[in-house]
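Notes to accompany the following structure.
Residue numbers (the working numbering): 2 to 73.
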């Protein structure tokens, strides 16, 4: 299992098992994630969500990608 911490709406955080993620669709200014029969709403666009699931910074546009590793 692979878990990622994601901000949720209303303001909060959730640990999400990304192996259970079936699909995501745009919802308002964020996205709705479907985990089997359940869903959660998140304040991330689909491209931001892709970055988070890949372990990158949410707003990473690829220009300074660190592939999930922090720079010190």
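Glycine included, each C-beta is placed from N, C-alpha and C at the ideal position.
Bounding residues of the alpha helix (DSSP H) (the contiguous stretch that carries residue i)
i	result
residue 51	47 to 54
Boundaries (first-last residue) of the beta strand (DSSP E) holding residue i
i	result
residue 42	39 to 43
residue 18	13 to 18
residue 29	That residue, residue 29, is in no beta strand (DSSP E); it is neither H nor E in DSSP.
residue 58	Counting along the chain, residue 58 falls outside any beta strand (DSSP E), and DSSP gives it neither H nor E.
Own chain, CB closer than 8 Å to residue i, minus 5 neighbours either side, in chain order
i	result
residue 59	45, 49, 52 and 53
residue 72	Only weak support exists for where residue 72 lies, its pLDDT of 47 falling under 50; the value from the coordinates is given anyway. Same-chain partners within the cutoff: there are none.
Same chain, Cβ closer than 7 Å to residue i, neighbours up to 5 away in sequence not counted
i	result
residue 21	36 and 37
Cβ shell of residue i (< 6 Å), same chain only, five flanking positions each side left out
i	result
residue 18	2 and 4
residue 6	14 and 16
residue 10	42 and 44
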